[in-house]
């Protein structure tokens, strides 16, 4: 994913983010901290609504393990 967005300087940079693919995003397996099914989640979906740049907001999220399921659809 990151080669498609070279204009972004990301927070929470890690080797896992380097491995993030479009397939991970399309199958809700990015490992990004955006799981609305988890009651302990940080509410990042609502915070994103107020962000002027949703792509940067999403790419700046902490990442767990790519391939781990997270549902961020409301």
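Residue numbers (our numbering): 1317 to 1390. Ideal placement from N, C-alpha and C gives every residue a C-beta, glycine not left out.
Check, Outcome
"Where residue 1363 falls, given that 16 or more other Cβ within 10 Å makes a residue buried", "exposed"
"C-alpha gap between residue 1373 and residue 1325, whole angstroms", "11 Å"
"Residue range of the alpha helix (DSSP H) that includes residue 1342", "1338-1342"
"Beta-carbon proximity of residue 1375 to residue 1330, cut-off 8 Å", "no"
"Distance between residue 1323 and residue 1347 (C-alpha atoms, nearest Å)", "22 Å"
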